[in-house]
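Written below as structure tokens is the structure these notes are about.
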Amino acid sequence: MSKPRKRRFHISITEREHATILAALRLWQEADEHNKGDLSDIAEAVGVPLCNEEIDVLCERINFSGNRQV
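When we follow our numbering, the leftmost residue of the sequence shown carries the number 14, and every step to the right adds one.
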């Protein structure tokens, strides 16, 4: 039995969007369960939200992506 494929997204974002995404991920990391409020619904839409370590890895991927255009 094969594992289901993970859906991947390839998008183009501006520098401002890039900064906002990183800030939002770091804010999510710092928030406790009480402060996450309705955002938990979004984060849990496809399963368990990313843990702090997974967010660190994602931020590094976003920050150091080789797909950046100048």
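Each residue gets a CB set at the ideal place from its N, CA and C atoms; glycine is no exception.
Since the model is a prediction, treat every value here as computed from it, not as a measurement.
Tell me whether residue i sits in a helix, a strand or coil according to DSSP, three-state version.
i, result
"residue 70", "helix"
"residue 24", "coil"
"residue 46", "helix"
"residue 78", "coil"
Leaving aside the five residues before and after residue i along the sequence, list all residues of the same chain whose C-beta is less than 8 Å from its C-beta, in chain order.
i, result
"residue 35", "72, 75 and 76"
"residue 55", "none"
Between which two residues does the alpha helix (DSSP H) carrying residue i extend?
i, result
"residue 39", "28–43"
"residue 54", "52–56"
Measure the alpha-carbon distance for residue i versus residue j and round it to whole angstroms.
i, j, result
"residue 47", "residue 53", "10 Å"
"residue 19", "residue 38", "20 Å"
Between residue i and the rest of its own chain, which residues show a CB-CB distance below 6 Å, the 5 nearest in sequence each way excluded?
i, result
"residue 59", "none"
"residue 42", "65 and 68"
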